[in-house]
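Data first, discussion second: the structure below is written as structure tokens.
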Amino acid sequence: MTTRLGTASAAPGELDTGRLEIGEARDGTPVELPVAVINGSRSGKTLYVQAVSDGDELNGLGVVRRFVPQVDPATLSGTILVVGIVNVHAFRLAEHRNPIDDTKMNRAYPGSANGSSSERIAHATFQEATRADLILDLHQGSTSRMIDETRVRCGKRHRLHDACLELAKAFDCGYVLDMKGPDGQLARTAPDEGIPTIDPELGGSVGWDERSIERGVRGVFNVLRQYDFLEGAADASRQIRISGFDQYGSSVGGLVEFRAELGDRVSAGDPLFEVTTPFGEIKEEVTAQSDGILWRTRRLPQVATGEYVCSVGTRVDSY
């Protein structure tokens, strides 16, 4: 059976790309999202993949442009639906939020057909996503420095929690944040429709991060193998899981020097960072309040009083 997404149309054994119209720009011209359909030669599940719901998070797009050409529809069972750039308005300006309505797109789901610009885009993509059996919403830690992780956002009491955890394990970033997300996240909203959904956060960078992109490509293919889209065994391992954060800021202004690296295990009392003057004089030393893993840090060294510096993942276990 032919499968369509926007103008993309693929019969069994075919791949096609096209556009999904989501409204008009200020000059009245159509605004369209780039989409792809990979229709396997054999029947099976449907996987939905999207990227760039935040306009400056490009590693997910790096994954899309790598994995789509590598999937041979002749060897695929089922269908893959792809929206390559969700927040196209922000992407064009290299901004995080949709500049039309100053909204973070991943707080707008499930959207509204008659709402704001972001709500309409969220609605259009949500209609496509909920055609699927599984959803991957590819993100990164914006331009902060962050480890590669996968987020399960439906909450531990949700009926699909275990299914989302298994999907996260299959994706195999090595680290999982298992914590209920804010309202409006696709990874929180789609499980309410009965669809296991994860939010891989592929590092944090300005532009491409090749290591994180490669990990994301491997993760997509792991999912394709684990859920029988492709033959072969998934290369998944035990995941380190956290379910909370301690966040740290600076009480002084100056320059940050970290005493721990991303992914390091820290214990309460271990040094995390120092803040110095331009001449290297130490103004403040900050230590960990509890045991955990250094999860995320600011990219720029300069900080003002009260400004965010880093996060430590807490309540650590594995599964």
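Numbering (our numbering), first residue to last: -10 to 308. The beta-carbon is built from N, C-alpha and C at its ideal position, and this holds for glycine as well.
Relative to the alpha-carbon of residue i, which residue among the options has its alpha-carbon at the smallest distance?
i	options	result
C299	Y308, L251 and D259	L251
T303	R200, D235 and G2	D235
D161	A223, H112, E246 and G192	A223
V57	G205, D217, R120 and R288	G205
V41	R86, T(-9) and A179	R86
D181	R227, W197 and I124	I124
R288	L154, K145, Q215 and I136	I136
A0	P23, I69, D126 and R55	I69
Name the two residues that bound the continuous alpha helix (DSSP H) containing residue i.
i	result
T114	S106 to A118
Q215	E199 to Q215
G55	Before going on, a small fix: residue 55 reads as Arg here, not Gly. Per DSSP, R55 belongs to the alpha helix (DSSP H) from N48 to Q59.
T18	Here T18 belongs to no alpha helix (DSSP H), and DSSP marks it neither H nor E.
F80	V77 to L82
R177	L175 to T178
Locate the beta strand (DSSP E) running through residue i, then write down its first and last residues.
i	result
R285	G281 to T286
E155	From DSSP, E155 is part of no beta strand (DSSP E) but of the alpha helix (DSSP H) over H150 to F160.
F262	P260 to T265
L244	G243 to F247
G183	Taken as a continuous stretch (DSSP letters only), G183 belongs to no beta strand (DSSP E), as it is neither H nor E.
Give me the Cβ distance between residue i and residue j, rounded to the nearest whole Å; I'm assuming they're in contact under 8 Å.
i	j	result
A25	V75	The pair is not a contact, with the Cβ atoms about 13 Å apart (cut-off 8 Å).
S32	G2	The Cβ separation is near 12 Å, so there is no contact.
I229	S307	5 Å
L4	P62	5 Å
V20	I11	6 Å
K169	R142	6 Å
Between residue i and residue j, is the Cβ-Cβ spacing less than 8 Å?
i	j	result
V212	S239	no
L175	A118	yes
I202	G51	yes
V241	T294	yes
A111	A97	yes
G(-5)	G7	yes
L283	L65	no
V305	G281	yes
Q278	A257	yes
L244	Q291	yes
Item checked: Any 3 or more C-beta pairs closer than 8 Å across the stretch 130 to 141 and the stretch 40 to 53 -> Judged by Cβ distances under 8 Å, the stretch 130 to 141 makes contact with the stretch 40 to 53, as three or more pairs qualify.
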